[in-house]
Every structure is written in structure tokens, then in C-alpha cells.
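First comes the structure, then the notes that go with it.
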Amino acid sequence: MTTSEAQVWPVPWGHEYMGFNVVAQILTVIHKENVRLDSDKLSDLYAQLGEAGAEDVVCRAIEELAVRLSHCERLWRQNDMANLRKSARSLIAIADQIGMTAMARVARDVTGAIDINDFAAVSATLFRLMRIGERSLTAVWEQQDLSV
6 MTTSEAQVWP
16 VPWGHEYMGF
26 NVVAQILTVI
36 HKENVRLDSD
46 KLSDLYAQLG
56 EAGAEDVVCR
66 AIEELAVRLS
76 HCERLWRQND
86 MANLRKSARS
96 LIAIADQIGM
106 TAMARVARDV
116 TGAIDINDFA
126 AVSATLFRLM
136 RIGERSLTAV
146 WEQQDLSV
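Under my numbering, think of the first position of the sequence shown as 6, with each following residue one higher.
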């Protein structure tokens with residue numbers, strides 16, 4: 006029997022229906038994204054600019070990334086895909102500069118989804134970018150604290 010042929014009947018909690026258990030509890034899915042930091046990029050940055058210069062660049066990059074992530078979400082809510090694409094593209098360069106490889110990769114995925122007009126994918130990848138962005142910013146900040 007296909008799902009279109011199946012009749013849906015009210016099934017009490019705790020009973021089996023079509024191979025699924027009907028339960029009284031609803032689970033919340035918590036997304037836990039892994040982030041990757043390229044510590045070699047940060048080390049190179051410190052070697053090139055010195056400690057004070059590198060810390061200044063990293064602090065400015067973290068601040069700019071946080072602002073642009075918020076801006077991306079606002080543009081998505083306004084359905085402004087052209088400016089969302091520009092904002093996501095700008096995240097790639099900044100994230101790459103300080104070794105946030107996962108964040109840069111997902112920002113590329115957002116721009117790719119916009120390019121093919123797949124708005125479900127834009128939504129999914131943008132909110133993945135938000136999760137990874139938050140974790141990446143925290144990870145860089147913590148790594149910077151360890152190096153001081």
C-alpha cells in the first residue's frame with residue numbers, strides 16, 4: 006500500500022501505526038555544528054603582523070563577522086537575495102583571513118543556493134551559517150585568549 010492509498014486514523018499515544026511508534030513526548034533537535042579553525046593561518050597572521058597587529062586584525066574581523074552575520078539574517082527576513090548574496094560573499098573573505106574554514110565554506114554554500122534560486126536551501130544554509138558563525142567566533146576568541 007502506498008502512502009497515498011493509506012488511510013490515516015487517529016491513533017492513541019503509545020501505539021504503533023504503519024511501522025511508527027506514536028509517542029507522547031516530542032523531541033527537540035539541537036544542532037551542534039563542528040567548526041574548523043586553521044591555526045596555521047592565525048599563526049601566519051601573528052608572524053606577519055606581530056602580536057599587537059594580529060590581535061587588532063582578529064578583533065576587528067570578529068566584530069565585522071558578527072555584524073555581517075546579523076545583517077545576513079535581516080536581509081533574508083526582508084527577502085533581499087541580491088544584498089544577502091553580497092553580504093555572504095563578504096563573509097567568505099573575512100572568515101578566510103582569520104582561518105575560519107567552515108564558516109567560509111558554508112557562506113559559499115549560501116551564495117551558491119542564491120545563485121540557483123533554491124530558497125529552501127538558502128534558508129537552510131543561512132541558518133547553518135549562523136550556527137557555525139557563532140561557534141567559530143567563540144572558538145577564535147578563545148584561541149586568541151590562549152595565545153595572549
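Here a beta-carbon is modelled for each residue, glycine too, at the ideal position from N, C-alpha and C.
| Asked | Found |
| --- | --- |
| Does the segment 56-71 come within contact of the segment 122-130, defined as at least 3 CB pairs closer than 8 angstroms? | no |
| Alpha carbons only, please: which of Gln-53, Leu-134, Glu-69 and Asp-49 is nearest the one belonging to Ala-107? | Leu-134 |
| Whether or not the segment 81-89 and the segment 47-54 are in contact is what I'm after, with contact meaning three or more pairs of Cβ atoms, one per stretch, closer than 8 angstroms; do they touch? | no |
| From this set, Asp-43, Asp-45, Lys-46 and Ala-100, which residue's C-alpha is nearest Glu-68's C-alpha? | Ala-100 |
| Below 8 angstroms CB to CB, which residues in the same chain sit around Ser-92 once its five sequence neighbours on both sides are set aside? | Arg-73, His-76, Cys-77 and Leu-80 |
| What does DSSP give as the partner residue(s) for Leu-42 in the beta ladder? | Met-105 |
| Can you check which of these residues, Arg-136, Asp-49 and Ala-66, is closest to Ala-98 by C-alpha distance? | Ala-66 |
| Here's the rule: buried if 16 or more other CB atoms are within 10 angstroms of the residue's CB, otherwise exposed. What is Ser-48? | exposed |
| Taking only three categories from DSSP, how would you classify Leu-151? | Its pLDDT being 44, under 50, Leu-151 is placed unreliably in this model, and the coordinates cannot settle the point. |
| Given a threshold of 16 other Cβ atoms within 10 Å of its Cβ, counted over all protein chains shown, does Ala-71 qualify as buried or as exposed? | exposed |
| Grouping DSSP H, G and I as helix and E and B as strand, with all else coil, what is Asn-88? | helix |
| Ordered along the chain, which non-local residues of its own chain (more than five positions away) have a Cβ less than 7 angstroms from that of Arg-113? | Ile-97 |
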